[in-house]
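In what follows, a structure is listed as structure tokens, so that the remarks can point back to it.
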Amino acid sequence: VGLPNVGPHFETWNAGILGPVTLSGLNDGKRDISHQQWTYQVGV
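According to the UniProt record's numbering, the sequence shown is numbered sequentially starting from 1.
Below you can see the structure in the form of structure tokens.
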């Protein structure tokens with residue numbers, strides 16, 4: 001929802017999770033997982 005899926009060069013646009021990602025509420029406090037590779041898949 002809200003992801004670009006039309007237009008020239010849309011496959012080179014940044015979409016999805018672009019900002020820093022942290023997990024809160026763990027026993028270790030906050031964990032930064034921004035360095036992980038993030039992808040998304042669209043089903044038909």
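Just so it is clear, CB atoms sit at the ideal spot from N, CA and C, and this is done for glycine as well.
It should be emphasised that the depicted structure is a prediction, and the values quoted were computed from it without experimental measurement.
- Out of Val42, Asp28, Ile33, Gln37, the CA that lies nearest to the CA of valine 21 is found in Ile33.
- Taking 8 Å as the upper bound for CB-CB distance, arginine 31 and leucine 23 are in contact here, some 5 Å apart.
- Between glutamine 37 and aspartate 28, the alpha-carbon positions lie close to 22 Å from each other.
- The three-state secondary structure of aspartate 28, taken from DSSP, is coil.
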